[in-house]
Amino acid sequence: MSHAADSSADRPAVLAKVKPLTSLPRRPLVLNNRDFHWVTEKICRIVEDPAPTWWWVCFLISASVASFLGIGLLWLVSTGVGVWGLRSPEFWGWDIVNFVWWIGIGHAGTLISAVLCLLRQKWRTAINRSSEAMTIFAVMCAGVFPLFHVGRVWFAWWLFPIPNSQSTWPNFRSPLEWDVFAVSTYFTVSVLFWYMGMVPDLGTLRDRAVKTWRKYFYGILALGWRNSTRHWRNYEMAYLILAGLSTPLVLSVHTIVSFDFAASLIPGWHTTIFPPYFVAGAIFSGFGMVLTLVLPLRSMFKLHDLITQYHIDCMCKIILATGSMVGYAYSMEFFIAWYGGNIYEGFAFINRAFGQYGWAYWIMISCNVISPQLFWFRKVRENTALVFIIVLFVNCGMWFERFVIIVTSLANDFLPSSWGYFSPSIVDIFTFFGTMGFFSTLFLLFVRFLPMLPIAEIKHVMPAADPHVHPAHDDAPAPVALAAKGGHS
Amino acid sequence: MSEEIFGIMAEFKTPHDIYEASAKLRDAGFKKWDTFTPFPVHGLEKQMGIGRSHVPWIVLLGGITGFFTGVAFTWYMNGFDYPLVVGGKPYWSIIFPFPVLYECTILFSAFGAFFGQFLLNGLPRHYHPVFNSEQFERSSDNAFVVVIEAADPLYDESKTRALLEQVGAYNIHLVNK
Numbered sequence: 004m005s006h007a008a009d010s011s012a013d014r015p016a017v018l019a020k021v022k023p024l025t026s027l028p029r030r031p032l033v034l035n036n037r038d039f040h041w042v043t044e045k046i047c048r049i050v051e052d053p054a055p056t057w058w059w060v061c062f063l064i065s066a067s068v069a070s071f072l073g074i075g076l077l078w079l080v081s082t083g084v085g086v087w088g089l090r091s092p093e094f095w096g097w098d099i100v101n102f103v104w105w106i107g108i109g110h111a112g113t114l115i116s117a118v119l120c121l122l123r124q125k126w127r128t129a130i131n132r133s134s135e136a137m138t139i140f141a142v143m144c145a146g147v148f149p150l151f152h153v154g155r156v157w158f159a160w161w162l163f164p165i166p167n168s169q170s171t172w173p174n175f176r177s178p179l180e181w182d183v184f185a186v187s188t189y190f191t192v193s194v195l196f197w198y199m200g201m202v203p204d205l206g207t208l209r210d211r212a213v214k215t216w217r218k219y220f221y222g223i224l225a226l227g228w229r230n231s232t233r234h235w236r237n238y239e240m241a242y243l244i245l246a247g248l249s250t251p252l253v254l255s256v257h258t259i260v261s262f263d264f265a266a267s268l269i270p271g272w273h274t275t276i277f278p279p280y281f282v283a284g285a286i287f288s289g290f291g292m293v294l295t296l297v298l299p300l301r302s303m304f305k306l307h308d309l310i311t312q313y314h315i316d317c318m319c320k321i322i323l324a325t326g327s328m329v330g331y332a333y334s335m336e337f338f339i340a341w342y343g344g345n346i347y348e349g350f351a352f353i354n355r356a357f358g359q360y361g362w363a364y365w366i367m368i369s370c371n372v373i374s375p376q377l378f379w380f381r382k383v384r385e386n387t388a389l390v391f392i393i394v395l396f397v398n399c400g401m402w403f404e405r406f407v408i409i410v411t412s413l414a415n416d417f418l419p420s421s422w423g424y425f426s427p428s429i430v431d432i433f434t435f436f437g438t439m440g441f442f443s444t445l446f447l448l449f450v451r452f453l454p455m456l457p458i459a460e461i462k463h464v465m466p467a468a469d470p471h472v473h474p475a476h477d478d479a480p481a482p483v484a485l486a487a488k489g490g491h492s
Numbered sequence: 047m048s049e050e051i052f053g054i055m056a057e058f059k060t061p062h063d064i065y066e067a068s069a070k071l072r073d074a075g076f077k078k079w080d081t082f083t084p085f086p087v088h089g090l091e092k093q094m095g096i097g098r099s100h101v102p103w104i105v106l107l108g109g110i111t112g113f114f115t116g117v118a119f120t121w122y123m124n125g126f127d128y129p130l131v132v133g134g135k136p137y138w139s140i141i142f143p144f145p146v147l148y149e150c151t152i153l154f155s156a157f158g159a160f161f162g163q164f165l166l167n168g169l170p171r172h173y174h175p176v177f178n179s180e181q182f183e184r185s186s187d188n189a190f191v192v193v194i195e196a197a198d199p200l201y202d203e204s205k206t207r208a209l210l211e212q213v214g215a216y217n218i219h220l221v222n223k
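Chains G and H are the protein sequences, given in the same order.
The numbering of the first sequence is the working numbering, which starts it at 4 and goes up by one.
The numbering of the second sequence is the working numbering, which starts it at 47 and goes up by one.
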C-alpha cells in the first residue's frame, strides 16, 4: 500500500519533469483541417452530382466486358461442362483458379473492416466501405465458377440441405460441402456488415436529398435511421460484435477453401501449411485489389484529403508483410517436399519450378515475392503510379499462384501414363474475362449510388470529434504542419 | 386546433458542448429525451445516463441457436435419415461436420447482431416526429441536436427552454408530432 501511495505522490513530479515540450502529433487521417460539413459535402457530392463522363465511359466498357460472362455461361449451359478446357487428368482448371482468386480478393475487405477495427487501426475508415463492396462483388464473381462447374446448374440447390425428390442429403464429411457453408455464410455476413455500416450514411443522403425519388430511395434504404445516441449505442455494439464475428469467419473461409486441396491426397496439395498460407495469400491479393480500385478513384474524385499518403503507406506495408509470408510459404513448401522424403511430393515441386509449367511458376515468384519487396522503399510507396503498377503485378501473380497449385499438381500426378497438359478453351477465357466486367460494373454502380466512403466513421476519427477537446482552447495537435506535404485542395 | 407538440429541440455546435450539456440535462432528471449526432460521440451515452447495450445477449442466443441447429440437421441428415458408410467411420460425430457447425454459429450470431440491433432500436420506422424539423436534417451533417419530449414528466415549455439556454444550446424551437 505504502509503495502505491509513494508512487502516486511521485508521479506528478516525474510527469512534469519528463513531459515533452509539445504534444506529439498523430498522423492526421483527414488532411488540411477539414470540418465535418466538408466531409459530408465531399462524399455525398460523388453520389449527388451528375455522373462524370469518365464514369459513363468506364461503365459502358465494363458492361460490354460483363456480357462475355453471359456468353460464356450460356455457351456452357447449352452445351455442357466439356466446353471448358477440362479433361483427364485435370478436372479442375481455370474455373477453380478463378474461384480461389476472386474469393481471396474479397478477404482484404473483411480484414480492413473487421480485423483492423478490432485492432483500432483508425486509418481503415477511409477505405473500409469500398473494400467491403469489393468483397461482396468479388464473392459474387467467385460463386459463379463452382456454381456452373457442377454441370447441371439447375440442380445446384442440391448443395444445400434442402429436401429433394431422391430423399438424399449432402455429405457433411466433404470439404466441398464445408465450402458451400463457408462461402455462403461469408457472403451473407459481409452483406449484413456492409449494409449496417452504410445505414447512417444512407440517412445522411436521405436528409440531403432534394429530388423525390432520392428521398424515397435513400429513405427506404436508411430504414428510418435518425442518429439517435440511444441507437448509436446498440449500433456500435452490434458493429463491434460483427467485426469480432467476421474475423474468425474470414480466417475460416480461406482455411476451408484450402481444405478443398489439403484434404485430398494429391502431391503438392496434401500439406498442413495450406490454411495459413492461403489466408496470407488472400490478404495479400485483396490489398492489391483494394489499391487497384482506390488509387484511380482517389485521383478521379480528388479524395487526397481523405485517402492520404499515410493510408497508401499502410496498405503497401501490409502487402509487403503478407507478400513476404507468401514467399516464406513457397520456400517452406519446397523444404518440406525435400525433408519429408516422399518421392511424389518431391517430384511435384521440382516439376512446378522446372517442368512444363515452369513459366507460370516463375511469373508467380517474380510477381508475388520479388515485386512487393520494392515497398521497403519510401520513395516507391510515395510514387502512386509505381504503387499502382506493383499492385497490378500482385493481382496477376496471385492468379498464377492458384494456377500453379491447381494445374501442375493435377497434370502430373502419380501415374505418368495419364499425364496431360491443360490449356484453357475460349469459353474459359470468355467467362473469366466476363467476371472482370461484371465486377467493375457492380463497383461502378456502387460508386455512383451509394456512399463510397463512410461519412460517419470518418467524422468519428477526426480530432474535432473528441468531446474532451474544447474548441476554445484547442488542445488538439494542429495537423497543419504534417498536412502541408500531401495536401490537396 | 393547434397541432400537438412532440417536444423541444435545440442545437449545439460541437461534440464538447453537447457532451457537457447532456450531463446537466441528465442531472436535471429528464428521462424522455435524446441526442442526435452525426457520429457516435464517445462517452455521450454515459453522460446521458444510458446503460450498456443488450445486443450481446441476442448475439449469444443467436450463436447457441446456430450451433445446435447445425448439430440437429447434420445429425438428422447424415446420421439418421440417410446414413452413409464412409470408411467404417461413425455415421455422425461432432468432429466431421464441425466446419459446418462453426459457420452456422457465426451466421446465426451475425443475424443476432444485425437484427438484434434494429429490433432494439425499433427500426425500420419510417416516420418519427423529429423528421418534421428541418434543423434535424443537419444532425446527419454537422449539428449536434438534443430533443426533450413533451411526454417527460419534468417537461415545461418555458422552464425547459430556459434550461436549454442555460446549458448553451441555441436554435431552440418546438417540434410538432
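For each residue, glycine too, the CB sits at the ideal point set by N, CA and C.
Since the structure is predicted, the reported quantities are computational estimates derived from the model, not experimental observations.
- For N174(G), the chain H residues whose Cβ falls inside 8 Å of its Cβ are N124, L130 and V132, in order along the chain.
- Distance between S186(H) and N174(G), taken at the CA atoms: about 50 Å.
- Selection T111(H), A208(H) and L147(H) evaluated against T120(H) yields L147(H) as nearest (Cα-Cα).
- Here the alpha carbons of S116(G) and H110(G) stand approximately 10 Å from one another.
- Using beta-carbon distances, N178(H) does not count as an interface residue toward chain G, since no partner is under 7 Å.
- Exposed is the label assigned to E211(H), since fewer than 16 other Cβ atoms lie within 10 Å of its Cβ.
- As DSSP reads the structure, V192(H) sits in a beta bridge with A56(H) and T81(H).
- In this structure, W181(G) lies near I259(G), with their beta-carbon atoms less than 7 Å apart.
- The beta carbon of P136(H) sits no closer than 7 Å to any beta carbon of chain G.
- For I51(H), the pairing in a beta bridge is given by DSSP as N222(H).
- With respect to the 7 Å criterion, G400(G) and M367(G) are classified as neighbours on the basis of their beta carbons.
- Just so you know, the alpha carbons of G284(G) and G107(G) end up roughly 7 Å apart.
- DSSP places S334(G) in the helix class (H, G or I) of the three-state scheme.
- Between the alpha carbons of E183(H) and I110(H) lies a gap of roughly 40 Å.
- Within the region 168-213 of chain G, the complete alpha helix (DSSP H) runs of at least 4 residues fall at 178-211.
- Excluding its 5 nearest sequence neighbours in each direction, W58(G) has C-beta neighbours in its own chain below 7 Å: L447 and R451, listed in chain order.
- Membership of C150(H) in the alpha helix (DSSP H) is indicated by the continuous run F144 to N167.
- Taken in chain order, the complete alpha helix (DSSP H) segments of 4 or more residues contained in the region 53-92 of chain G are 56-82.
- In this structure, I194(H) is the residue among P199(H), N222(H) and I194(H) with its C-alpha nearest to the C-alpha of L209(H).
- Closest option to E336(G), judged by alpha-carbon separation, among G349(G), G326(G) and S327(G): G349(G).
- When CB distances to chain H are screened at a threshold of 7 Å, the residues of the region 220-249 of chain G falling below it are G222, L226, G227, W228, R229, N230, S231, T232, R233, H234, W235, R236, N237, Y238, E239, M240, A241, I244, L245 and L248, in chain order.
- Under the three-state reduction of DSSP, S231(G) is assigned to strand.
- Taking the Cα of F140(G) as reference, the smallest distance to any Cα among F190(G), V183(G), V118(G) and A185(G) is reached at F190(G).
- With its beta carbon at least 7 Å from every one in chain G, L71(H) lies outside the interface.
- DSSP, read as helix, strand or coil, puts N35(G) in coil.
- For F113(H), no CB of chain G lies under 7 Å from its own CB, so it is not counted at the interface with that chain.
- CA-to-CA, the gap between P299(G) and L395(G) works out to about 13 Å.
- Contact between D431(G) and W97(G) holds, since their C-beta atoms are separated by about 4 Å, short of 8 Å.
- Only exposed fits I373(G), as fewer than 16 other CB atoms lie within 10 angstroms of its CB.
- Here V213(H) is actually not in contact with T81(H); their C-beta atoms are around 12 Å apart, not less than 8 Å.
- A straight-line Cα-Cα distance of about 51 Å links H234(G) and V132(H).
- The contact set of M199(G) on chain H, defined by CB atoms closer than 9 Å, consists of A159, F160, Q163 and F164 in chain order.
- Taking C-alpha positions only, V202(G) is separated from V407(G) by approximately 42 Å.
- One Cα belongs to E51(G), the other to S99(H), and the distance between them is close to 35 Å.
- Runs of the alpha helix (DSSP H) lying entirely within the region 272-347 of chain G and spanning at least 4 residues, in chain order: 277-303 and 312-342.
- DSSP, reduced to helix, strand and coil, places N101(G) within a helical segment of the structure shown.
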